Amino acid sequence: MALEAAASDRRVVHDRWSLLTRQVAMVAFVVCVLTGAILMFWYDPTSSTVRYQGSHAPLQGVEMSGALASTLDISFDVRGGLLVRQLHHWTASVMIAALMLHILRIFFTGGFRRPRRLGWVLLFGILFASMGAGLSGMVLPDDLLSGSSLAVLDGVLKSVPIVGTWLSGLLFQGRFPSGALATFYPAHVLVLPLAMIGLGVVLLRREARQNPPIAGRNRTATVARWVGLFGLVSGALTLVAGFVTVNPVWAFGPADPANATAGAAAPWYMAFLDGAQRLVPPGLEVVWAGRTWTLALLLPLGVVGLFLTAAVAYPFVEEWASGDRGGHRGPTQPRSTPTRTALGAAGVTFYGVLWAAAGSDFFALIFALSLEDVVLAFQIALVLGPVSAFVLTRRVCLELQLRDRDAVLRGSPTGRMVRLPSGGFIDVHEMPDGSERRGEERQVGGRHTRVS
Ligand code: HEM
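Set out below in structure tokens:
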């Protein structure tokens, strides 16, 4: 009997709907690797200049890198090439979004506590590697958008005091921007995917040790479920890739260090870094030791770095603060841990404000406001938003706890009203044990009212 209970308990753990986000991330990763492998047949990772001779008329005869010419060929001259490119791009986005949702779910249900603390750190490792893969992938077409990203990246690196120039030289192999492909291509197709696979395998093996497979479990059903999920996710992504254009490199043209694309923006998953950079007050510089030290890039990098470090280290900090060193199985309701849930809401708000601030110029344009006013509004929101989110969420959690207590003590309302011979009304509550409880009738101000 006990064995059955344990087995069914484990089965519940394996089949929860809340695991869907992570399963979608895994499927998206597989599709991403498959489509990436197909792209490698035609993509040419060279920065040497060629004259475009493909079928996209507006760019015919234009000088560009071999990388952009091959990306245009994939888009216009390889049968199904554009679909595969778009599918690769969309799966990358969906994978990162699914990973983020999975991390949020784990945070709000306390799934990072012992014995899963290391799993939390590994998940962040996978998220950072996939963001790196997304960013390095965006560089590969070597179009004007890639060039703008590289110029920003080079500026950020060079703003790091003392080692900045050296860092830039290392990343671009001493040849900015043409050396970028020599670093980013192997990082994109080999190093980062292998890092993601390695981290994923360690994570899954740890989980398998913590949740050993159930004896007699129906393997065929598991395989069928995975095949079904793969079909659904890849089918939906193929539809999106077929109908929704993403990264139209032909509209931007070749990279040019002297130009930036109008409306150029970071990929959505990197936008929070862009937003952080836009919210730094101007003129943050100090002159020291005969040099000018600018904080315009160091400050946002430091703030975002602290935020991410706090997120990764959270399980250890919470354990230290609460003194709870026991093992935990199963999720906790967010309302049961108001402070953690409130901290999570504050973190999401902080991230959200940085993310939205990346579009400050769009907001200024759409609402016909001055850019300075929009930036000021975001700066205020960055300070007040997380504090308000913390206070509000904590309050809501405590209210929900009170409601839960009420439901136990006084039952939950059934919505049924009973009229009494005296003319008053009472409503009927259902107690947790299934019994019914009727509210008391009381006369208030000449009207009959139920008070439970
Ligand atoms: C073994 C795995 C992978 C291989 C072989 C691969 C290969 C490639 C190649 C050859 C390109 C350039 C072609 C082009 O831009 O059209 C590319 C672009 C790209 N890759 Fe990957 N990739 C892999 C994994 C990933 C992963 C894990 C991500 C993201 C998390 C990713 C995101 C991207 C993005 C966003 C682009 C730009 C696509 C575009 O042009 O719109 N790739 N990849």
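Residues in the sequence shown are numbered consecutively from 1, following full-length UniProt numbering.
C-beta atoms are modelled at their ideal positions from N, C-alpha and C, and glycine is treated no differently.
Predicted model, so just to flag it, every value in this text is computed and none were measured.
query: Measuring CA to CA, which of 171, 142 and 161 is closest to residue 154?
result: Comparing Cα positions, the closest option is 171.
- request: Going by DSSP, name the residue or residues bridged to residue 294.
  value: 285.
message: Cutting at 6 Å between CB atoms, please list the residues of its own chain near residue 199, excluding the five before and the five after it.
response: Only residues of its own chain outside the window of five on either side were considered, and among them 122, 125 and 126 have a CB closer than 6 Å to the CB of residue 199, listed in chain order.
message: Buried or exposed for residue 245, going by 16 or more other Cβ atoms inside 10 Å?
response: Only exposed fits residue 245, as fewer than 16 other CB atoms lie within 10 angstroms of its CB.
Which residues DSSP lists as bridging residue 131, in chain order: In the DSSP output, where bridge partners are listed per residue, residue 131 has none listed.
- prompt: Regarding residue 193 and the ligand HEM, is the C-beta to nearest heavy atom distance less than 7 Å?
  reply: Yes, the beta carbon of residue 193 sits closer than 7 Å to at least one heavy atom of the ligand HEM.
field: Residue from 322, 44 and 219 with nearest C-alpha to residue 186
entry: Comparing Cα positions, the closest option is 44.
message: If you reduce the DSSP assignment to three classes, tell me which class residue 304 lands in.
response: DSSP places residue 304 within a helical segment (H, G or I) once states are collapsed to three.
- request: Compare the C-alpha of residue 294 against each of 339, 280 and 219 and name the closest.
  value: The residue with the shortest Cα to Cα distance from residue 294 is 280.
query: Roughly how many angstroms separate the alpha carbons of residue 96 and residue 49, rounded to a whole number?
result: Those two C-alpha atoms are separated by around 33 Å.
- request: Tell me the start and end of each unbroken beta strand (DSSP E) in the region 383 to 448 that is at least 3 residues and wholly inside, in chain order.
  value: The region 383 to 448 is shown to contain whole beta strand (DSSP E) runs of 3 or more residues at 412 to 419, 425 to 430, 436 to 438 and 440 to 444, in chain order.
task: Specify the secondary structure class of residue 116 as computed by DSSP and reduced to three states.
output: Note: residue 116 maps to coil in three-state DSSP.
- request: Can you give me the Cβ contacts of residue 101 inside the same chain, cut-off strictly under 6 Å, excluding the 5 residues immediately before and after it?
  value: Taken in chain order, the residues that qualify are 21.
- request: Report yes or no: do the region 239 to 258 and the region 328 to 347 share at least 3 C-beta pairs separated by less than 8 Å?
  value: In this structure the region 239 to 258 does not touch the region 328 to 347; the number of beta carbon pairs closer than 8 Å is below three.
query: What residues match up with residue 65 in a beta bridge as DSSP calls it?
result: Answer is 49.
- prompt: In chain order, what residues of the same chain lie with their CB nearer than 7 Å to the CB of residue 276, ignoring the 5 residues before and after it?
  reply: 300, 303, 304 and 354, listed in sequence order.
Near the ligand HEM: residue 85 beta-carbon under 7 Å from a heavy atom: True, at least one ligand heavy atom lies under 7 Å from that Cβ.
message: Which residue wins for smallest C-alpha separation from residue 343, given the options 357, 372, 310 and 36?
response: Comparing Cα positions, the closest option is 310.
message: In this structure, how does DSSP classify residue 141 when only helix, strand and coil are distinguished?
response: DSSP places residue 141 outside both helix and strand once states are collapsed to three, so it counts as coil.
- request: For residue 186, name the three-state secondary structure that DSSP assigns.
  value: DSSP places residue 186 in helix when its eight states are reduced to three.
- request: Ignore the nearest five residues each way along the sequence and tell me which others in residue 209's own chain have a CB closer than 6 Å to its CB.
  value: Taken in chain order, the list of residues that qualify is empty.
query: Are the beta-carbon atoms of residue 297 and residue 159 separated by less than 8 Å?
result: At a Cβ-Cβ threshold of 8 Å, residue 297 and residue 159 count as neighbours.
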